[in-house]
Amino acid sequence: MKKNILIIGTGFVSYSFLKNLKKSNFYNIFLSIDDRKKLIKFKNSSQINRFLGNFGTSNYWHSVSPTNGPKGYFNFFKNFYNINNVNSNMNLENSEMLFVPRKNFSLERAFNINVNSLNYKIINSRANQISKKKNKFEILFNDSSKIEVDNIFIGTNILDLQSIIFKNLNIPDYVVYDHIQTHLGFVKRDQILNNKLIKPILSREGYYIGYESFNDKILMLRPFHSNIKTFGLKKFQNFGKSKIEIIKEIILSLSFSKLIHAFSTRYGLFFRSKYYSVFLQERIKLKDISIERKLSNEDIMKKLSGFKSLRSNQLTSLTGYSVFGNHQIGESKMSPPKGVIIANIKSKGWLKGVHHTLLNCFDAYNNNFET
Ligand SMILES: Cc1cc2nc3c(=O)[nH]c(=O)nc-3n(C[C@H](O)[C@H](O)[C@H](O)COP(=O)(O)OP(=O)(O)OC[C@H]3O[C@@H](n4cnc5c(N)ncnc54)[C@H](O)[C@@H]3O)c2cc1C
Numbered sequence: 000m001k002k003n004i005l006i007i008g009t010g011f012v013s014y015s016f017l018k019n020l021k022k023s024n025f026y027n028i029f030l031s032i033d034d035r036k037k038l039i040k041f042k043n044s045s046q047i048n049r050f051l052g053n054f055g056t057s058n059y060w061h062s063v064s065p066t067n068g069p070k071g072y073f074n075f076f077k078n079f080y081n082i083n084n085v086n087s088n089m090n091l092e093n094s095e096m097l098f099v100p101r102k103n104f105s106l107e108r109a110f111n112i113n114v115n116s117l118n119y120k121i122i123n124s125r126a127n128q129i130s131k132k133k134n135k136f137e138i139l140f141n142d143s144s145k146i147e148v149d150n151i152f153i154g155t156n157i158l159d160l161q162s163i164i165f166k167n168l169n170i171p172d173y174v175v176y177d178h179i180q181t182h183l184g185f186v187k188r189d190q191i192l193n194n195k196l197i198k199p200i201l202s203r204e205g206y207y208i209g210y211e212s213f214n215d216k217i218l219m220l221r222p223f224h225s226n227i228k229t230f231g232l233k234k235f236q237n238f239g240k241s242k243i244e245i246i247k248e249i250i251l252s253l254s255f256s257k258l259i260h261a262f263s264t265r266y267g268l269f270f271r272s273k274y275y276s277v278f279l280q281e282r283i284k285l286k287d288i289s290i291e292r293k294l295s296n297e298d299i300m301k302k303l304s305g306f307k308s309l310r311s312n313q314l315t316s317l318t319g320y321s322v323f324g325n326h327q328i329g330e331s332k333m334s335p336p337k338g339v340i341i342a343n344i345k346s347k348g349w350l351k352g353v354h355h356t357l358l359n360c361f362d363a364y365n366n367n368f369e370t
């Protein structure tokens, strides 16, 4: 007899899990789609937006992913972005490179899943309560409906896990981590020795650009085509903004340099410039992030220690502005209860400095319940 499984949430991780599960005939698949359409904006903070509703924050991501990862990841990466030809001389599988696709794609297309097909039983309501009843789980939804299932995959953001009530079930204690991205300052072109960080490799599908990692941080350089004295992170940094916001800002600013900046990070046409912005992205405990964060000069210097491509004394001008909220991951030493997968609780130390969404998808894709 087929088992019943419930997937909670319809973002990247749930789709990745479904991609592998749909090959299996073991299950009747129930899918809980969040009935909200709520864009959470953090007006007085440098935290970037979150979205609650179908496809979640996955609607807003900027599609940047590393090419290197654990065994099997590179094939997953190529399938996800539909990349057919890779020049093996580039050794992308083992290089510290970020890929930025030229085209946006829909979740359904990336995973080739049609949730409206007969394989799925859609529940257009969010899960409010999960209780253990003998060998089954009973789930109560916001519209007051309920179902019983054998297995549950929880694909909500870790911050939304708290809003689900668990009865007779021990959910692991977890610590929440986030990525914080800081603009450290500027470096002059002639000081940059590692060309991989500033010379993108263009391909039909998008572009690849090098980064350098050290412990839980990564270092990235981007050309800067304006006056460094008038720099403001919110003015030039498009990280965390929706595509519509970015386009609106460019049009309203009538700024040519802003246009070039957006164009070069989107399509990888890095025009040579006198100065390059130095960005650092790092893993950080969510509770250690203060609301408005600007690093002191001393802290900026410390952040660069350990990197080979750049030394702190090569920075021409220091800035220290940060944005965060890229997406949070819970980490725990404990495992979830048998029969339950919580996609965004990972083993300790899982999150590093690099963009992690596709790595998380790869994990979800490989996850399964013992049958
Ligand atoms: C502007 C922006 C740019 C980004 N760019 C990048 C990038 O370039 N590279 C990168 O790696 N990452 C990037 N990210 C992060 C990336 O978007 C997230 O890591 C990713 O979307 C997380 O996917 P997810 O499936 O875990 O969660 P989500 O996409 O948030 O999906 C979770 C789903 O669960 C639903 N849900 C919540 N509670 C319930 C409930 N009780 N019942 C049912 N459903 C529920 C939510 O509504 C949502 O649909 C970016 C994020 C932002 C905001």
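Just so you know, the sequence shown maps onto residues 0 to 370 in numbering that gives the first Met the number 0.
From the three backbone atoms N, C-alpha and C, an ideal C-beta is built for every residue, glycine too.
Just so it is clear, the structure is predicted and the values come from calculations on it, not from any experiment.
- A distance of 8 Å or more separates the beta carbons of S225 and S263.
- Taking a cut-off of 8 Å on C-beta distances, the stretch 207 to 219 touches the stretch 341 to 358, as three or more cross pairs fall below it.
- Per the coordinates, the alpha-carbon of S202 lies some 14 Å from the alpha-carbon of N90.
- Under the rule that a run must span 3 or more residues, the beta strand (DSSP E) segments found entirely inside the stretch 126 to 192 read 126 to 132, 135 to 140, 145 to 148, 150 to 153, 164 to 166, 174 to 187.
- Shown here, I288 sits in coil according to DSSP, grouped into three states, outside any helix or strand.
- Along the length of the stretch 58 to 137, whole beta strand (DSSP E) runs at least 3 residues long occupy 96 to 100, 119 to 122, 126 to 132, reported in chain order.
- In this structure, the beta-carbon distance from F230 to T318 falls below 8 Å.
- A straight-line Cα-Cα distance of about 13 Å links K302 and K293.
- The beta carbon of K120 is closer than 8 Å to those of N27, I28, F29, L30 in its chain, skipping five residues each way along the sequence.
- Using a cutoff of 7 Å, the CB of N48 counts as near ligand 1, since one of the ligand's heavy atoms is closer than that.
- The beta carbon of I163 sits closer than 7 Å to at least one heavy atom of ligand 1.
- Nearest in C-alpha terms to K37, of all of Y59, N325, I6, is Y59.
- Here F270 is exposed, its C-beta having fewer than 16 other C-beta atoms within 10 Å.
- For F11, the three-state secondary structure derived from DSSP is helix.
- Boundaries of the beta strand (DSSP E) around S316: 314 to 323.
- With the rule of 3 Cβ pairs closer than 8 Å, the stretch 153 to 164 counts as touching the stretch 337 to 352.
- K347 is the residue among K347, S308, A363 whose C-alpha sits nearest the C-alpha of K284.
- Relative to E330, the option among Y176, D34, N127 whose CA is nearest is Y176.
- Listed in chain order, the non-local C-beta contacts of G267 below 6 Å within the same chain comprise P199, L201, Y206, local neighbours out to five positions each way being set aside.
- Set against 7 Å, the gap from the CB of I7 to the closest heavy atom of ligand 1 is smaller.
- Take the alpha-carbon of G184 and the one of L314: they are about 6 Å apart.
- Counting along the chain, the unbroken alpha helix (DSSP H) around N365 starts and ends at 356 to 365.
- Excluding its 5 nearest sequence neighbours in each direction, V99 has C-beta neighbours in its own chain below 6 Å: V63, G205, Y206, listed in chain order.
- By the neighbour-count definition (other C-beta atoms within 10 Å, threshold 16), L357 is a buried residue.
- Judged by their CB atoms, Y14 and L160 are not nearer to each other than the 8 Å cut-off.
- Beta bridge pairing from DSSP links L51 with K37.
- For N193, the closest C-alpha among the options S276, S289, S308 is that of S308.
- Assignment of F278 by DSSP, reduced to helix, strand and coil, places it in the strand class.
- Pairing F140 with E147 gives a Cβ-Cβ distance that is not under 8 Å.
- Put simply, of E281, P65, M0, N113 the residue whose alpha carbon is nearest the alpha carbon of T9 is N113.
- Residue range 344 to 346 is occupied by the beta strand (DSSP E) that includes K345.
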